[in-house]
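Offset between the sequence shown (1-based) and the numbering used here: plus 198. Ideal Cβ placement from N, Cα and C applies to all residues, glycine included. The structure displayed is predicted, hence computed values, not measured ones. Contents: one structure, followed by commentary.
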Amino acid sequence: MAAARLSLSLLLVVLAVAAGQRAAAQDYDFFYLVLQWPGSYCDTKQSCCYPKSGKPPADFGIHGLWPNRDDGSYPQNCSPDNAFNPSKVSDLLSSLRAKWPTLACPSGDGHKFWGHEWEKHGTCAANVFDEHGYFQAALRLRDQLGVLAALTSNGVNPDGGYYTLRQIKGAIQDGTGFEPYVECNRDEAGNSQLYQLYFCVDAAGDSFVECPVLPSGRPCGNRIEFPAF
Numbered sequence: 199m200a201a202a203r204l205s206l207s208l209l210l211v212v213l214a215v216a217a218g219q220r221a222a223a224q225d226y227d228f229f230y231l232v233l234q235w236p237g238s239y240c241d242t243k244q245s246c247c248y249p250k251s252g253k254p255p256a257d258f259g260i261h262g263l264w265p266n267r268d269d270g271s272y273p274q275n276c277s278p279d280n281a282f283n284p285s286k287v288s289d290l291l292s293s294l295r296a297k298w299p300t301l302a303c304p305s306g307d308g309h310k311f312w313g314h315e316w317e318k319h320g321t322c323a324a325n326v327f328d329e330h331g332y333f334q335a336a337l338r339l340r341d342q343l344g345v346l347a348a349l350t351s352n353g354v355n356p357d358g359g360y361y362t363l364r365q366i367k368g369a370i371q372d373g374t375g376f377e378p379y380v381e382c383n384r385d386e387a388g389n390s391q392l393y394q395l396y397f398c399v400d401a402a403g404d405s406f407v408e409c410p411v412l413p414s415g416r417p418c419g420n421r422i423e424f425p426a427f
């Protein structure tokens with residue numbers, strides 16, 4: 199009987215250690231895939247700078263793939279020693295320049311932007327992604343959505359016109375199967391404009407899911423400009 203109790207105690211310790219290791223390995227519940235319209239980034243008082251590779255395509259670019267928790271909090275900077283290494287994504291650089299461009303000033307090659315995203319967010323998903331896998335997953339998920347095509351096929355065009363929040367969400371839902379959280383910013387004249395879209399991805403980084411919690415972004419109102427780029 200004593201041996202059985204000892205075996206049970208050892209089993210409970212092993213299970214507790216394993217649970218602790220899993221918790222440490224995955225300190226998040228889902229991802230936000232955040233896409234950004236470059237025309238809205240640039241059409242502000244702050245303006246923008248095109249990257250050294252030239253003006254990016256007029257399409258939604260990636261801002262980041264961010265691990266988040268169901269309570270609205272998120273981990274960050276999880277492995278300070280795991281710095282961004284461009285050589286690990288050398289085969290992805292042309293895609294990153296086109297689909298994950300930097301628009302910050304002064305003009306850059308993107309390495310600072312990608313490094314920030316990997317070090318702050320990507321390292322917190324090391325249980326499923328190494329550096330290459332993180333960027334590859336974000337590119338794949340972005341391409342899978344086809345957001346701009348979803349909007350334009352439903353008459354929502356980046357031509358400086360104005361649309362309702364319902365039109366924008368409905369067009370994206372119709373074209374992608376998922377309704378995003380829509381974040382707006384303001385142009386120099388103070389008009390609300392379509393800025394960022396948040397989609398939720400499961401904790402494995404594989405599939406889109408309905409968002410368990412919505413981010414706290416700037417409210418859009420109901421007259422939203424979709425500026426040209």
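Separation of residue j from residue i, as counted between CA atoms
i    : j    : result
R300 : F333 : Note that residue 300 is Thr in the sequence shown, not Arg. Cα-Cα distance, rounded: 15 angstroms.
Q365 : V354 : 8 angstroms
Q274 : K318 : 5 angstroms
Y360 : E381 : 15 angstroms
A335 : P356 : 27 angstroms
F327 : L291 : 18 angstroms
R141 : F228 : Residue 141 falls outside the range modelled here, since the chain spans only 199 to 427, and no answer is possible.
G262 : I422 : 23 angstroms
E329 : P278 : 13 angstroms
Simplified DSSP assignment, three categories, for residue i
i    : result
W264 : strand
C276 : coil
C240 : helix
L294 : helix
E329 : helix
Q219 : Confidence at Q219 is low in this model, with a pLDDT of 39, below 50, so the placement of that residue is unreliable and no value is reported for it.
V163 : Since the first residue of the chain shown is 199 and the last is 427, residue 163 is not available in this structure.
E408 : coil
Under 9 angstroms between C-beta atoms of residue i and residue j
i    : j    : result
Q394 : V287 : no
K250 : S293 : no
A426 : G237 : yes
Y230 : A323 : no
F424 : G358 : yes
N420 : L349 : no
L339 : G252 : no
Uninterrupted beta strand (DSSP E) stretches inside the segment 338-389 (no shorter than 3 residues): Entirely contained in the segment 338-389, the beta strand (DSSP E) runs reaching 3 residues are, in chain order, 359-361 and 379-384.
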